[in-house]
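Trainee: Counting in UniProt numbering, the sequence shown runs from 1 upward without gaps. All C-beta atoms in this analysis are idealised placements derived from N, C-alpha and C, irrespective of residue type, glycine included. If you scroll down you'll find the structure; I have some questions about it.
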Amino acid sequence: MASKIIVNLDTSKENYIVAKCKQNDDLTLEAFIYENGEPLDLTNKEITIQALKADNTYIIQNTDITKSNNNFTANLVKDFSRVTGTTKIEIVLTESSKQNTTFSFCLEVVGSVIRGAVQSSNTVTILEELDNKIVEAGQVRDETEQLITSGGAATTGDIKKVNESLEQMNDFNKYPQSIKPSKSGVQKNSFKIIKKTDENQLIIIQPTNKGCVKYTMERHNGASQEGRDYGGNHELLRIVKVEHLQECYVFYDISIPVEGNYVSPPLYSGAKRNTIEQLAFYVSSSSYDEGKTFSSKDDGSGIVAQKLLYKNSVSFNLEVGGNSKCNLMFLGSKNISEKVVIKVNDIEVKSFNPKAFFMEENNGVGVVEFDIPYKVTTDNLIKITISNEGITGYFYPCGLNVKRLEEYNGEQITDFKCFGSKSDGWITSSGASDYALYDAIEKKWFGSYHGGEILEQEQILWGIKKVEENSYYNLNTTLKNIILNDWRIQREFKIYQQTSLANDKAKMVSIFSFNMDGTMDMDFSYYDGTVTLSNFYTALTCTDVGFRYLFLPIFKNLGRTPTNGYIQIPLSTGFVSQVNPDSALQLDIRFTKFNNSKDNRGCVIADNIAYRKLYYGVIYGKQYMLENLAFSKSLDFMVR
């Protein structure tokens with residue numbers, strides 16, 4: 001008897017379903033499909049089950065499936081339970097060449113005593129069927145051509161029908177593709193900072209394995225070369241630059257108390273590069289770039305070491321946020337007082353001796369943590385009082401809730417600061433790092449960098465408040481409606497855009513997600529296409545010219561001096577890794593790989609003086625009227 005898995009899936013809503021089974025079990029899947037919570041009729045829809053196993057092999061099954069109304073039952077192939085770990089599963093629904101995919105759920109395969117006895121592999125049931133049909137059709141064509149040659153009964157019409165059948169079987173919209181590979185290593189979704197820095201520009205600060213990534217997204221940025229580009233309209237908000245930041249931290253500014261006063265001037269100012277930050281965050285002097293350093297304040301300043309005289313106190317009103325902890329950063333020095341008390345709503349919650357943070361004749365930075373109310377029923381403000389109760393000396397408070405961005409977890413803050421890096425960054429050219437299409441009739445490029453793209457719909461996930469209390473309260477807005485220089489700190493961030501291409505001869509949906517540290521996910525859907533294309537790049541990436549090492553799928557040193565030629569890359573999956581050995585930066589590019597029935601060139605890197613750009617596409621050098629195509633790409637930005 002097979003183990004039965006029952007799930008409810010929606011094409012518009014994420015779920016957190018985790019089903020379990022034992023390794024090597026026979027499995028039956030019963031799925032109920034909904035769209036925005038309403039039952040979705042499956043009568044005229046083709047059903048394909050796609051899965052990515054824990055060992056990064058995949059399964060695509062469209063056989064042995066029985067459907068009724070909004071549910072179906074499938075006897076899953078054996079490979080679904082071959083490998084222990086988490087298998088991600090999604091359902092692809094196809095009707096009249098239109099595709100709709102449910103959000104995925106997870107199958108946890110628990111190891112058995114004979115684990116590993118059977119080797120795991122990629123399994124594609126539809127491929128087997130199509131391969132058989134292609135072989136059969138090929139045999140028929142050969143036989144038919146032989147009949148015509150020898151004066152047999154077959155007609156030219158017969159040959160035409162066979163060729164049309166073969167063409168259909170090679171169509172990348174019907175023939176399965178290699179799905180985008182998963183990211184390897186630890187995966188985490190930290191809070192990120194989003195700021196509108198120009199009427200047509202957003203920046204996103206996102207933690208990565210060492211420091212942070214700074215993304216620059218811009219609209220109305222692109223080429224309009226006469227006779228080459230559609231140009232004119234560059235309305236896609238797209239990635240134009242990706243830089244490395246040494247560090248980014250957040251804090252609650254305590255420069256202006258609601259009660260009490262400091263002694264002027266401060267011990268240390270909050271200048272672009274100051275002593276407190278050097279002590280607290282170990283910023284590398286050799287890699288520091290002041291020109292690329294910035295903060296939420298206009299002058300680029302950060303935390304300040306204030307002077308609080310003995311027998312004095314200062315108070316601040318903080319909003320209750322989504323965290324029950326608060327911290328205080330301060331500077332320890334030789335002449336510091338010996339007792340400080342922290343009160344919350346006039347109740348003592350912490351008492352400590354700051355002298356413990358002065359070490360070996362050197363100043364030290366200290367951080368103490370204390371509890372605060374998590375929720376309140378009336379007033380949303382809590383009063384925090386810092387009292388210097390020493391009999392002599394100063395206390396040097398610097399800020400509340402001072403944390404690296406990667407450590408931040410919903411505490412109340414007012415500001416952030418980022419330290420620039422001397423590295424050139426991952427992407428420094430504003431050329432297309434997403435897609436580009438060539439109209440074979442008009443003989444012009446369009447889309448993204450090449451223009452001819454008009455915005456029709458836009459949704460930017462934007463918090464109601466600067467500090468996110470609960471992601472459920474975030475709103476979808478537009479870039480135009482965001483106030484200039486306004487910023488947010490939020491865990492979830494996504495940009496959705498629908499655009500019209502080439503004088504409304506096609507549409508494109510673009511979804512950019514930043515919900516994995518060090519990674520930008522891109523999902524695209526080209527549809528309603530009426531353009532005859534001879535080029536369609538689906539994984540363009542303007543990697544910086546300093547990335548002279550190609551690490552995967554082959555190793556190659558491109559040298560310091562570009563040749564202005566093209567480097568051919570043999571692909572079995574959609575994965576390319578490039579490395580800048582001088583800056584110790586790595587860029588992994590993961591993308592949907594299609595069959596090459598319409599691609600005469602394959603994947604290449606342009607060894608250009610402006611960039612080491614990756615070119616990969618589904619169409620190159622062959623004219624083809626493409627109605628629709630879904631494709632994905634992810635960029636993983638790492639420091640080696």
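Using a Cβ-Cβ cut-off of 7 Å (strictly less than) and excluding sequence neighbours within five positions of G300, which residues of its own chain qualify?
Mentor: The count along the sequence shown starts at 1 and reaches residue 300 at position 300. Same-chain partners within the cutoff: K272, T293, F294.
Trainee: To the nearest angstrom, how far is the alpha carbon of I482 from that of N75?
Mentor: The count along the sequence shown starts at 1 and reaches residue 482 at position 482. The count along the sequence shown starts at 1 and reaches residue 75 at position 75. C-alpha separation (whole angstroms): 50 Å.
Trainee: How close, in whole Å, do the beta carbons of S500 and A440 come, if the pair is a contact with beta carbons under 8 Å?
Mentor: Position 500 of the sequence shown holds residue 500. Position 440 of the sequence shown holds residue 440. Actually they do not touch by this definition, with Cβ atoms about 19 Å apart.
Trainee: CA-CA distance, N345 and I372?
Mentor: Counted from its first residue, the sequence shown places residue 345 at position 345. Counted from its first residue, the sequence shown places residue 372 at position 372. C-alpha separation (whole angstroms): 9 Å.
Trainee: Quick one: measure Cβ to Cβ for F370 and K350, integer angstroms, because I've assumed they're closer than 8 Å.
Mentor: On the sequence shown, residue 370 is found 370 positions in, with the first residue counted as 1. On the sequence shown, residue 350 is found 350 positions in, with the first residue counted as 1. F370 to K350, Cβ: 4 Å. Contact.
Trainee: With K507 and D523 assumed to form a contact (beta carbons below 8 Å), what rounded beta-carbon distance in angstroms separates them?
Mentor: Numbered from its first residue, the sequence shown carries residue 507 at position 507. Numbered from its first residue, the sequence shown carries residue 523 at position 523. 15 Å between Cβ atoms; not a contact.
Trainee: Identify whether S448 lies in helix, strand or coil by the three-state DSSP scheme.
Mentor: Taking the sequence shown and counting its residues from 1, one reaches residue 448 at position 448. The answer is helix: DSSP assigns S448 an H, G or I state.
Trainee: From E348 to P265, what distance separates their C-alpha atoms?
Mentor: Translated into positions along the sequence shown, residue 348 becomes position 348. Translated into positions along the sequence shown, residue 265 becomes position 265. Approximately 28 Å, taken between the alpha carbons.
Trainee: The beta strand (DSSP E) with Q61 in it runs from where to where?
Mentor: Translated into positions along the sequence shown, residue 61 becomes position 61. From DSSP, the beta strand (DSSP E) with Q61 extends over 58–61.
Trainee: Short check: CB of F514 to CB of Q246, under 8 Å?
Mentor: Residue 514 sits at position 514 when you count from the first residue of the sequence shown. Residue 246 sits at position 246 when you count from the first residue of the sequence shown. Not in contact: F514 and Q246 (Cβ atoms no closer than 8 Å).
Trainee: Take K13 as the anchor and find which of Q490, E90, Q568 has the nearest alpha-carbon.
Mentor: Mapped onto the sequence shown, residue 13 falls at position 13. Nearest of Q490, E90, Q568 to K13, Cα basis: E90.
Trainee: Mind pulling the alpha helix (DSSP H) runs of 4 or more residues that sit fully within the region 549–585?
Mentor: Complete alpha helix (DSSP H) runs here, min 4: none at all.
Trainee: Am I right that Y611 and H450 are in contact with their C-beta atoms under 8 Å? What's the rounded C-beta distance?
Mentor: Translated into positions along the sequence shown, residue 611 becomes position 611. Translated into positions along the sequence shown, residue 450 becomes position 450. That pair is no contact at about 16 Å.
Trainee: Suppose contacts are defined by Cβ-Cβ distances below 8 Å. Is N317 in contact with V402 by that definition?
Mentor: Translated into the one-based positions of the sequence shown, residue 317 becomes position 317. Translated into the one-based positions of the sequence shown, residue 402 becomes position 402. No, the pair does not count as a contact, with Cβ atoms beyond the cut-off.
Trainee: In the DSSP assignment, find the alpha helix (DSSP H) that holds A432 and state where it starts and stops.
Mentor: Position 432 of the sequence shown, counted from the start, is the residue given in the question as residue 432. Per DSSP, A432 belongs to no alpha helix (DSSP H) and is neither H nor E.
Trainee: According to DSSP, is K174 helix, strand or coil?
Mentor: One-based indexing of the sequence shown puts residue 174 at position 174. Since pLDDT at K174 reaches only 46, below the 50 mark, its modelled position is unreliable, and no value is offered.
Trainee: Can you tell me which residues form a DSSP beta bridge with L626?
Mentor: If you number the sequence shown from 1, residue 626 lands on position 626. Note: L626 sits in no beta bridge, so no partner.
Trainee: Roughly how many angstroms lie between the CA atoms of S97 and N628, to the nearest whole one?
Mentor: To locate residue 97, count along the sequence shown from 1; it is residue 97. To locate residue 628, count along the sequence shown from 1; it is residue 628. Taking the straight line joining both Cα atoms gives about 8 Å.
Trainee: Residue 643 to N474, Cα distance in whole Å?
Mentor: Since the first and last residues shown for the chain are 1 and 640, residue 643 lies out of range.
Trainee: Under the three-state reduction of DSSP, which class applies to Q497: helix, strand or coil?
Mentor: By one-based count along the sequence shown, residue 497 stands at place 497. Strand, per DSSP.
Trainee: Would you call F80 buried or exposed, if buried means 16 or more other Cβ atoms sit within 10 Å of its Cβ?
Mentor: Here the question's residue 80 lines up with position 80 in the sequence shown. So F80 ends up on the buried side.
Trainee: To which residues of the same chain is G112 closer than 7 Å at the C-beta, ignoring the five residues directly before and after it?
Mentor: Your numbering for residue 112 matches position 112 in the sequence shown. Checking the sequence shown, residue 112 turns out to be Ser, not Gly. Excluding sequence neighbours, S112 sits near K22, Q23, N24.
Trainee: Pick helix, strand or coil for E338, following the three-state DSSP scheme.
Mentor: As a position in the sequence shown, residue 338 is number 338, starting the count at 1. E338 falls in the coil class under three-state DSSP.
Trainee: First and last residue of the beta strand (DSSP E) that includes Q99?
Mentor: Taking the sequence shown and counting its residues from 1, one reaches residue 99 at position 99. Looking at the DSSP string, the run of the beta strand (DSSP E) that includes Q99 is 98–101.
Trainee: From the DSSP output, read off the bridge partner residues of G332.
Mentor: Numbered from 1 along the sequence shown, position 332 holds the residue referred to as residue 332. Per DSSP, G364.
Trainee: Answer yes or no: do G518 and T208 have a C-beta to C-beta separation smaller than 8 Å?
Mentor: As a first step, residue 518 must be located in the sequence shown, where it is residue number 518. As a first step, residue 208 must be located in the sequence shown, where it is residue number 208. Their beta carbons are under 8 Å apart, which means G518 touches T208 by this criterion.
Trainee: Do the region 555–564 and the region 584–601 meet, that is, are 3 or more Cβ pairs less than 8 Å apart?
Mentor: These segments do not touch.
Trainee: What is the DSSP secondary structure of L127, counted as helix, strand or coil?
Mentor: For the purposes of this step, residue 127 is taken as residue 127 along the sequence shown, with counting starting at 1. A caution first: L127 carries a pLDDT of 48, below 50, which makes its placement in the model unreliable, though a value can still be read off. Helix at L127.
Trainee: To which residues does DSSP link H244 through a beta bridge?
Mentor: Walking along the sequence shown from the start, residue 244 turns up at place 244. DSSP output for H244 lists V213 as bridge partner(s).
Trainee: Among Q225, K4, C542, which has the Cα closest to the Cα of D607?
Mentor: Start at 1 with the first residue of the sequence shown, and residue 607 comes out as number 607. Ranking the options by Cα distance to D607, first place goes to C542.
Trainee: What does the alpha-carbon distance come out to for the pair T477 and W462?
Mentor: Counted from its first residue, the sequence shown places residue 477 at position 477. Counted from its first residue, the sequence shown places residue 462 at position 462. Rounded to whole angstroms, T477 to W462 spans 7 Å at the Cα level.
Trainee: In its own chain, which residues sit with a C-beta less than 7 Å from the C-beta of V467, not counting the 5 before and 5 after it?
Mentor: Looking up residue 467 in the sequence shown gives position 467. So the qualifying residues of the chain are G321, Q412, I413, I489.
Trainee: For K214, does the count of other Cβ atoms within 10 angstroms reach 16, so buried, or fall short, so exposed?
Mentor: The count along the sequence shown starts at 1 and reaches residue 214 at position 214. Label assigned to K214: buried.
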